[in-house]
Structure formats: C-alpha cells, structure tokens
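S.K.: Before anything else, here's the structure in question.
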Amino acid sequence: MDINELPKQYDPAASQRRWAKFWEENHFFESDPNPNKKPYTIVIPPPNVTGALHLGHALNDTLQDIMIRSRRMQGFETLWVPGVDHAGIATQATVEKRLFEREKKTRHDIGREALVQRIWEWKDQYQERIIAQLKALGCSCDWRRTRFTLDPVCAKAVRHFFFKLFSEGLIYRGKRLVNWDTHLQTAVSDDEVFHTPIDGHFWYLHYPVIDPKPGEPEFVTVATTRPETMLGDTAVAVHPEPAKEFDRIEAELRAKIAGSSEKEAEEAQAALDALLKRREELLPLLVTLAEMAADGRQVTLPLMNRPIPLVRDVWAKPELGTGCVKITPAHDPNDYEVGKRQNLPMINLLERDGRYNANAGKYAGLPVKQVREKVLADLEELGLLVKTEDRTIEISMSDRSKTPIEPFLNDQWFIKMEHLAQTAMDAVEDGSVTIHPSRYAKGYLDWLSEKRDWPIGRQLWWGHRIPIWYCDAVEEQELKEAFAGREDISYRFDSEKNQWWICSQTEDLKEDAVPGHKLIREEDVLDTWFSSALWPHSVLGWPDATDAMGYYYPTSLLITSRDIITLWVARMVLASYFNTGKRPFKDVFIHPKILDKYGEGMSKTKGNGIDPVFVIEKFGADSLRFAIAYLTTESQDVRLSLDFECPYCGATVEQTKKNRTLPKILCPKCRKEFSTQWAETDEDKALARGPLVGERFEVARNFCNKLWNASRFVMMNLEGYQPIKIDASQLLLEDRWILSRLAEVIQAVTASLESFRFSEAARALYDFAWDEFCSFYLEMIKGRLFDQAQKQTAQTILVAVLDTILRLLHPITPFVTEEVWQRLKEFAPTRGLISVKAADAVCVAPWPTVEEIPFPELLDKAYSEKIASQFAVFQEILRSIREARARQNVPPKTEIHATLRCEERVCELLDPMRSALVKMAGAVIDDMGPEVTAPPLCATVVSPQGEVYVDIAGLIDIDAEIAKKEKEIAKIVGFVKSKEAKLAGGFAEKAPAAVVEKERQSLEDLKAQLASNEEMLAKLRRARQ
RNA sequence: GGGCAGUUAGCUCAGUUUGGUUAGAGCAUCUGGUUUACACCCAGAAGGUCACAGGUUCGAGUCCCGUACUGCCCACCA
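First residue of the first sequence: 9, per our numbering; consecutive thereafter.
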C-alpha cells in the first residue's frame, strides 16, 4: 500500500464498516470462562424496547464500552452482556396508542392474545434497531448472549424468585390505592399522572353529632374539595392532642423566625400570627372533639344516614381546614392509611367505568361529576352545606387519556421488604457494593430505610404473568393429594376471599390440576422491575448453576443513570442476596444526564431525544464517543447544544423547541425543505436529511482527524524502519521529555478510569496527543527523520510513542485507533518497548510481538519533573521568539536572528536545540550566554528563563514595541507591589519557610525582569527620538 | 416541605478531594500564515471583581456560615 494515498481527512464510515466486521468475524468480544484470567463483567442496563436509543443511552453505553475495552486490553476476561427490557407499562401503552391512532381500536377490541402478539412484533422491530445502534456505537458486547427480559431464561429466573418469595411467606395480597383512569379503565403509574391546577371549591359540611351532651357541639364541620366522596366516609378524624400540636407548630415557627432571613422570617411571623388566632378560636372545640372521640362518640353521615365514629388521628392537622377531616379510606391515599391505623371499614364507591356503585345508595349509576352536583344540592337542602369557598386546587390527570384520575382501591400483590431492604442497605454500608459518586448512596439508603412493601402486580397484559392460581372451596387435603411430592408447588389459604392460592415454580397449572375444582389464574403481570431486579444473575443462567454464573458472578460494575437508583439498583442488590447470597456487582457508577441546550433532559415526549446514529453519520462513532467521555465529569450533567445543518446550503438552522419535533424543516436561507430524524412518510424521507451539528462533536471529530494525520505523518516517514536499542545516553531532551510525559499520561489515564473519571482520561489524552506529541515532538523530530544518521533512532521512538497513544485511546475511540494501528503494524511489525523506570534506565528496545507489547512502566517522579522543567525552558524561549515575531509582523519566511542572555545551564540545555528553534520559530540564535548584551535596536521578551533579543533593526516597529513594553511593565509593577505587600505582612512569619522563600525568589525575579524591561523601554524611547 | 447538585472568559466547561507563583481549555472574536501530517490546520493576541454577602487564615475559586438564582430527585397538598 502506498502511504501517500491515504486521504488527508479521516473517513469514519469506512473504518466503522471495516473494523466492526473484523471484530465480529474474529469473535473478539465473545467471552467464555477462562480459569487463567480474571473475569471482568458488566451487564448492560437493558434499554426499553419502547423506542430507539437516544444520546442518553449512547452515554451510558459508551462509558461501559470504555471500561470493558480497557479491562480487556489489561488482560481480563471481559464479558459485556447486552439485552433489552420489555418495559411493561411503557411498551404496552405505546402499542395501544398506536393501535388506537391507526385503527381506532382499543385493547379490549382485539383481546389479550392479539395485543400481546402485536407488542411482540413491536419488540422485535425495536430490539433489532437497538442492537444495530449499539453496534454502530462500537459497543464490544458478546452478542451471542443477547437477552430480552421475557426470554425463557429470564422467565425461569422470575418464576424461581417468585416461588422462593412465596414459599418463604414474603408475598402477600393487600389493598392498594391505584390511580384509576376511568376512561381507559386501567390503572396508570404515578409517572403517567400529571397535576394541574384548576379553579375548584372548598366545601364546608356539617355532620350532626349523635346525642350531643351539654357543652358539646351539635355538628362537626369538615372541609373538602371532593364532596362526593363523603358517601364513602367511615370516620371523622380529629388530632388526639390538639394543644400539643399547636405548641409544636408554634415552636417550629418561632425557631424559623429566629434563624432565617428577613423575608422568610416575615412570612413565618405572619403564619405564627394566624396560628395563634386560630388556636384561640378553635382549640377549645378541638379539645372537646378529641375527648368525644376518646369516648367513642359518633356522628351521622348525612345522606347515607349512617353512624360513623369520631377518631383521634394525627392525620387531622389542627392548623388546616376546620381542624377535623373526613376519612374516605377507599378513595384517598392518606385516608387509606388512617383507615388502616384505625381499623375502619373501607367502602369502595366506584365502578371501573367511573360510575358510582351500589354502595353509594341512591347515587348509584351516576358518574362522579353528577354525583357531586347531586350530593351538594341535597346537602344544601338539608342545610348541612354551610360554606363554599373558591379555591385553586391541584387535580391529578391521566397523561394518557387527559381525564381526571380517581383513586381506586384495588387488590394488589406485595413483597414484604423489612428484611430484604435491610440486606441491600447493609451491602452499601459495609462496602460490599460501592456507589460512585458517593453522594448517591444517601438517596439509596434513605429510600430503602422506609422499607415500604413493594407492590409487584400490574394490571397489564404485557409482562411475566404472576404464577398464582386461585382455587375456591377446596379442602387442604385435596391440595395435598393433588400435589403430593411436588416441591415446585406451594399453596396458602386466603381468609379474606376464602380461597387458596397456589404458586407454581416452573410449569403453568392446568384448570383441572386439582380434581373436581377449577383453577383460575391471576390476571395481572409482574412489575417490570421484578424481572429487571434479577437481570445480572438471570442473564448468566441462574437458577441453574451454569459455568457462567460460577465464573462471571458477581459482576464487576454497573453503570446507570441516577433516576433508577432506587427502582432498579436497590432491587438488584436485594434480589441478588436473596437468590444467590452474593452481591450483584462490586461498583455502581452513576453517570450524568444528557441535557439539551435548554438544560432539559432528553425524552421521547419532548421530542428532544437524538438518535446517536444521526450523530455517527455526520461525525463518526469515535467523535460521539470521545465527546461523551470528554464531557462526563463527576458533578455536571452534560449539556449538548445541537443545531440542524441545511444539507443544501450548509447554513446552520437553530434547533428550537418548536422545530425539534418536526419531520421536515424549511431552510430560512435557501428556502428548501430538508428532513429530520422524525421523518416518517415516504415523501418526507425522500428529502435530503439535515444533519445535527454541535460544537462538542466538531471538537471531537477534529481530534480524531488530528490523530489520523499525525499517524499518517509517522507512517509516511517509516522508510527503512528497523527498531534499534537506544539507551539513555543517546536520547535528546525532547525524547526524554516525550517518554516521561507519556509514562505520566499512562498513569493518569489508568488511574482516571479506575475511578470512573472519564473526562479526566479524555482530557489527558487530548492534551498530550495534540499539544505535546503533535505540536512539539513531531515538529522537533522532523529534522532527525530526514537525517540518515539519526533516522533510525527517531523512527524507533516515534513508532513506540504513537503505538502507545493509540492503545491508550483505543477504549475511547476504537475505530480510528484500530484503523491506524493495523496499518502501522504493516509498516512496523516490530516495535520498540519504552522503558522509563528511572533516569539511567530510560531506553527503547525492540519488542518482538506487537500484540503483547506492554505499556511503558512508570518512572521516577523527581526525574520526570526535572525533565519537564528543563523542557519548559525551551518552550518558554520558543514562545518568546514567536511572540516577538508576531508582534513585529515579521513574515513567516523571513529568517530572524536573535541573541539570548541567560545562565550557563540554560545555554547547555538550548544549545542542542538550536535547529528546533530554526524549524519552529524561524530564528537563528547567534549568541547565548550570561554576558550577552542586547543589540541597539531589537524586539525583546523577558522571562524568568532569560532575555531574548530579536535583532530586527531593519524591520522594527518601535511604537508597537514600546506599547508592549509599557504594558508589560505595568503588569510586572502590579505583581511586584502585591508580592511586596504580602511579604511585609504576617505572611513572612507564619507561612511555611519554603513557601516564603519561593515568594522571595519570585519577587527577585520579577524585580530583575522589571529592571530589564525598563532599560529596554528607555532604549526604545531614545531610538525613536 | 425534605434532599442533592450547579453558579468560573461572549458561549460550553475543567480546576475545589489535600488552601500557596500571574485561575486553564475548546468554540466564538482579532492579527498573521496554502512551512509537503493535518485549513477538521499552524503561530500569536485579546477576553475573568471565580453568583452575592460574611467568616476562618499570613494567604480562599478551593474550607465554614448565610443569601439569591438554576436544575434534578423524593414527599405532600382535607
């Protein structure tokens, strides 16, 4: 191959095709247990099959791939298990919505089987697309092991987990208030409920006290925003100790007034005044009511004419409403809790279609809205509606149907969390599982410490069905006989419904499994997180004792986003301990979120989710990956500003909240339409697509291109390459410098990745490759490459350094590095091994096998610091000359002459580097040394390293030079003053001696620089006259 | 209401763990460049009271207290 045919611009698309194929064909990412290696395992957080991946996923997956690839290169047996999640609610909702949009049918129209069938089709389509996206990103997963959460292996794990929980008595059935969508007749999750303020009312109702005694009120007044629910009231609550409660709130407010800002204190004061007034007016009544409640007294529930008790409960806040609160356990979450505490009956008023049922008496059959009107009218007539206030209230609306949500009491399966939650807390507290960054551990622990039981049923058709069968009117003996000897069957009696629950571990039970009885299977499916909780061990084959479980489990690392720490991470930990007795993973890294230019998170509904494939098409996968790594810091979310680029005229079209969801956009400049990622119709798709552009991707692409060209340069200069052994004595300063810097970078990058500081790793590599390797080393070595006598040394070092850079970068930018590395291998089948252990051991020696070549070892810190400071002298002088040139507008081709006043040690350093100064600054150094004096007219730069006099008498712009000097002097004077002041104060006495000495020295240097500058300025002024 | 972040150059962000020379980068801007690796480039310049107010300290972007604003999470709203 002719190296000169390589294009000047790196072509990511060709590389991606070539190497993705190469990797796959060579099975590089496939992993099997290997006793000779240590395992390193990651399971992917399975993306929902709801839709395609967006940049948030790309971030998650890129970070995992960086870890996996770097561990693989370090010699671990690495396994990254890919897969997707069935995402019950979200996926079913998506498919249902589409079904309705396209065919105007609901799920009830087509039935369970047909709907599930359609969801499977959807899943197949998106799983394929997601896997393709992951591959496009360069993810090095073992694709043979791709899993879906409804796969048979996962289903088996789910059944075993459930069975174990059931057998140990950790599963029970209870009641739970769900968000009922009366329009869709389904429960919806909290996430699918949104709150909206409406103009509502606050109605005050009188409930007559039964047989009031002297001094007691005739009525108890309650206030409500939902009067119709009074039909289901089973108590009225009053605070057990209203006086104490008032005291407590008063104390709180007083503390607040004392300890906060003026504005807040004012508000608190107003609240306190109101409270005190209220206390005066209301306390006697509340005390009386509390006593009546303690006495077991009752009130009559109007309209229903039912006696209901007065109860004492802390839920009744003396400072709110009337101080008394009506309790409707079946239709309000808080009242439900009160009902449980107080052992109250729970009267369900609602039918699934949103009408009131027989429990509502004469209001049965009416929808909620009409019940309210009628109830209010009837109460009014009875004189029991005493007051109506206008009030803005928040109501819950279903996101899917945009109709009001009714809280609805439903049967629900739960897992007891007391013990399970504790195991998950212990794991993090004792360090078995470490969460990074550590601040996220708090939320995890707080959430688990509530130990709230986990409701695991969902009223859906898409998911793992709960493996419970009901059997009515059966004797225990019959069950014993039917399931004799069956260890995979467990049953329990439910006294509430007077039926048996039968749980089966593996097979589905037939209707007639118990002779003479009909088994009915539970309709509900399990919460998606139930199967997700098992993901790490289920994908490796649990409950079977597979080789994979034995070798890869527990896994090494989980990388995920912060919003599912509780829902997912915590549950994986507790499920893993419960099922396997082991932690699921050692480390958890919580990554930042990708935000758009408005600081909003990316989501499907907002339409700001960008398909990574579109970025890859424009910039290449490596650019996307590098940009992501570069931006992934510990504390910041990643803000990515993207805009459209018109495919016709190249104009940038700003992405706005308005146009970001459009299938096509009109370019304001050339007035032509282009399509976007949302294009669906054939007509839209036929338009040229406007790529998304963003500064961060451009930076990353430029970096990839820089690397490409630096590599191209190296390869273009490998004629006659034959690595030789070079020992320390043959190395020049720049060689020692680049080698020691390289060793430092290896250390820094390795350490950064160990602690998940991706940005740090990417920055270290970017800066090193661009600023040090390209801008300095490549420029400096050019002369030697063209000199036959020095060529081999130069080539040996160059190849060794480039090879190491490529390998360091490979986890982040796998395609371009593979592309270059494979080519480099052709030119340089043998590499030099760099050893930089210590000053006298710095050498480069041939190493026979390219594949096995290790990273250079770390070197002595003091040595590398010395080299760095020596090289800095050169850099400073070079910069000074360039600055003088630029200031004086000397044309680049004009060679200049300069002299240099500096100490002997600086001369020694610089003497061998004269040619570099010619090459890099176009400057010939005529003389250097401590005694050198400035020519009569010159451009000068003074630095701590020495004074550079650029002899340009013929070209000099005296005014520019004077202006520069004046500015320089003003700056130095400022520093000198501040340092003198510092040294005159307490600093000299109290600061450590070394620091003081450093300051003194620095002051001396500044003074000397000042003197030189002033002298030069004077000279210039004389010259002008 | 509770919790967690963030606020540094026109823009997007590093730097805060462990206080110590003149606070860094990229983009944008300005000046000059087709030096055969790279114009997706090279050289140079300009640009910052480190949100505000206090405190600790010889010394604060960095530590402590408070305020404001922004974002996220959790809880709740008869």
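The beta carbon of each residue, even a glycine, is placed where N, CA and C say it ideally should be. Just so we're clear, the structure is a prediction, and the values are computed from it rather than from any experiment.
#1: Tell me whether N187 sits in a helix, a strand or coil according to DSSP, three-state version.
#2: Take every Cβ of the region 396-405, pair it with every Cβ of the region 351-370, and state whether three or more of those distances are shorter than 8 Å.
#3: Mind checking whether H545 and P475 have CB atoms under 8 Å apart?
#4: Counting C-beta neighbours from all protein chains within 10 Å, is the total for N68 16 or more, i.e. buried, or is it exposed?
#5: With the cut-off set at 8 Å, would you say P317 and G329 are in Cβ contact?
#6: Whose C-alpha, out of L925, S148 and E608, is nearest the C-alpha of W31?
#7: Mind the definition here: the region 793-813 touches the region 711-729 only if three or more C-beta pairs lie below 8 Å; say whether that holds.
#8: Only counting the same chain, and skipping five residues up and downstream in sequence, which positions put a Cβ closer than 8 Å to that of T99?
#9: At what residues does the alpha helix (DSSP H) containing Y871 begin and finish?
#10: Can you tell me whether DSSP reads M788 as helix, strand or coil?
#11: In its own chain, which residues sit with a C-beta less than 7 Å from the C-beta of L294, not counting the 5 before and 5 after it?
#12: Work out the CA separation of L603 and R815 for me, nearest whole Å.
#13: Can you tell which of L173, E911, A385 and L280 has its C-alpha closest to the C-alpha of K424?
#14: Is P53 helix, strand or coil by DSSP?
#15: Check for me: the beta strand (DSSP E) holding W88 runs from which residue to which?
#16: From the DSSP output, in three-state form, read off R320 for me.
#17: What separation, rounded to the nearest whole angstrom, lies between the Cα atoms of F794 and L650?
#18: Do you know how far the Cα of L392 is from the Cα of E226?
#19: Look at Q420 and G465 and say whether their C-beta atoms are less than 8 Å apart.
#20: Is it right to say W686 is buried, meaning 16 or more other beta carbons lie within 10 angstroms of its own, or is it exposed?
#21: Roughly how many angstroms separate the alpha carbons of A1101 and H214, rounded to a whole number?
#22: Rounded to whole angstroms, how far is the Cβ of L487 from the Cβ of W508, which I believe are closer than 8 Å?
#23: In whole angstroms, give me the CA-to-CA distance for I596 and L428.
#24: Shortest alpha-carbon distance to L239 belongs to which of L582, Y364 and R155?
#25: Using a threshold of 8 Å, state whether the C-beta atoms of G91 and I50 are closer than that.
#26: Are there three or more Cβ pairs, one per stretch, closer than 8 Å when the region 620-630 is compared with the region 664-672?
#27: Using 8 Å as the Cβ pair cut-off and three pairs as the minimum, do the region 374-381 and the region 296-315 touch?
#28: Let me know the secondary structure DSSP gives M238 once reduced to three states.
#29: With respect to the beta strand (DSSP E) encompassing D651, which residues constitute its N-terminal and C-terminal limits?
#30: Please report the straight-line C-alpha distance between E642 and Q24, rounded to a whole angstrom.
#31: Please check the pair D630 and K601, which I expect to be a contact at CB under 8 Å, by giving their CB distance rounded to whole angstroms.
#32: Can you say whether Q730 is buried or exposed, counting buried as having 16 or more other CB atoms within 10 angstroms of its CB?
#33: How long is the line joining the alpha carbons of P341 and L185, rounded to whole angstroms?
#34: For K594, report the span of its beta strand (DSSP E) as first-last.
#35: Which parts of the region 697-746 are runs of the alpha helix (DSSP H), unbroken and 4 residues or longer, counting only runs that do not cross its ends?
#36: Going along the chain, which unbroken runs of the beta strand (DSSP E) with 3 or more residues stay wholly within the region 511-588?
M.R.: According to the structure data:
#1: As a position in the first sequence, residue 187 is number 179, starting the count at 1. Assignment of N187 by DSSP, reduced to helix, strand and coil, places it in the strand class.
#2: Result no; under three Cβ-Cβ pairs closer than 8 Å.
#3: Within the first sequence, numbered from 1, the residue matching residue 545 stands at position 537. Within the first sequence, numbered from 1, the residue matching residue 475 stands at position 467. Against a cut-off of 8 Å, the Cβ pair of P475 and H545 comes out as no contact.
#4: On the first sequence, residue 68 is found 60 positions in, with the first residue counted as 1. It is buried - the Cβ of N68 has at least 16 other Cβ atoms within 10 Å.
#5: Taking the first sequence and counting its residues from 1, the one referred to as residue 317 is at position 309. Taking the first sequence and counting its residues from 1, the one referred to as residue 329 is at position 321. Contact: no.
#6: For the purposes of this step, residue 31 is taken as the residue at position 23 of the first sequence. Measuring from the Cα of W31, the nearest candidate turns out to be S148.
#7: Between the region 793-813 and the region 711-729 there are three or more inter-stretch CB-CB distances shorter than 8 Å, so the stretches are counted as touching.
#8: Start at 1 with the first residue of the first sequence, and residue 99 comes out as number 91. Only N56, V57, T58, I127, W130, K131 and W470 meet the Cβ criterion.
#9: One-based indexing of the first sequence puts residue 871 at position 863. Its alpha helix (DSSP H) spans residues K869 to R895.
#10: Taking the first residue of the first sequence as position 1, residue 788 is located at position 780. Helix.
#11: Here residue 294 is taken as the residue at index 286 of the first sequence, counted from 1. Answer for L294: V246, H247, P250, P326 and G331, listed in chain order.
#12: Your numbering for residue 815 matches position 807 in the first sequence. Your numbering for residue 603 matches position 595 in the first sequence. Approximately 31 Å between the Cα atoms of the pair.
#13: Indexing the first sequence from 1 puts residue 424 at position 416. For the residues L173, E911, A385 and L280, the minimum Cα distance to K424 belongs to L173.
#14: Looking up residue 53 in the first sequence gives position 45. It is coil, neither helix nor strand.
#15: Numbered from its first residue, the first sequence carries residue 88 at position 80. Residues E85 to V89.
#16: Counted from its first residue, the first sequence places residue 320 at position 312. Taken through DSSP and simplified to helix, strand or coil, R320 comes out as strand.
#17: Position 786 of the first sequence, counted from the first residue, corresponds to residue 794. Position 642 of the first sequence, counted from the first residue, corresponds to residue 650. Separation of F794 and L650 (C-alpha to C-alpha, rounded to the nearest whole angstrom) is 45 Å.
#18: One-based indexing of the first sequence puts residue 226 at position 218. One-based indexing of the first sequence puts residue 392 at position 384. Distance between the alpha carbons of E226 and L392 is about 12 Å.
#19: One-based indexing of the first sequence puts residue 420 at position 412. One-based indexing of the first sequence puts residue 465 at position 457. A contact, by the Cβ cut-off of 8 Å.
#20: As a first step, residue 686 is located in the first sequence; it is residue number 678 there, counting from the start. W686 is exposed by the Cβ-count criterion.
#21: One cannot answer for residue 1101 here, as it falls past the ends of the chain, which runs 9 to 1033.
#22: On the first sequence, residue 487 is found 479 positions in, with the first residue counted as 1. On the first sequence, residue 508 is found 500 positions in, with the first residue counted as 1. Yes, L487 and W508 are in contact; Cβ-Cβ is about 6 Å, under 8 Å.
#23: The residue given as residue 596 occupies position 588 in the first sequence. The residue given as residue 428 occupies position 420 in the first sequence. Going by the sequence as given, residue 596 is Val instead of Ile. Whole-angstrom Cα-Cα distance: 19 Å.
#24: Within the first sequence, the letter at position 231 stands for residue 239. Looking at the Cα atoms, Y364 is the closest of the given residues.
#25: As a position in the first sequence, residue 91 is number 83, starting the count at 1. As a position in the first sequence, residue 50 is number 42, starting the count at 1. No, the pair does not count as a contact, with Cβ atoms beyond the cut-off.
#26: no
#27: no
#28: Here residue 238 refers to the residue found at position 230 when the first sequence is read from its first residue. Of the three classes helix, strand and coil, the one that applies to M238 here is helix, per DSSP.
#29: The residue labelled residue 651 in the question sits at position 643 within the first sequence. Element bounds for D651: D651 to E653.
#30: Mapped onto the first sequence, residue 642 falls at position 634. Mapped onto the first sequence, residue 24 falls at position 16. One C-alpha to the other measures close to 30 Å.
#31: Residue 630 sits at position 622 when you count from the first residue of the first sequence. Residue 601 sits at position 593 when you count from the first residue of the first sequence. No, D630 and K601 are not in contact; Cβ-Cβ is about 23 Å, not under 8 Å.
#32: Taking the first residue of the first sequence as position 1, residue 730 is located at position 722. Classification of Q730: exposed, given that the 10 Å Cβ count is below 16.
#33: Here residue 341 corresponds to residue number 333 of the first sequence, with the count starting at 1. Here residue 185 corresponds to residue number 177 of the first sequence, with the count starting at 1. Taking the straight line from one Cα to the other gives about 6 Å.
#34: Position 586 of the first sequence holds residue 594. F593 to H599 is the span of the beta strand (DSSP E), which, as asked, contains K594.
#35: 703-724
#36: 563-569
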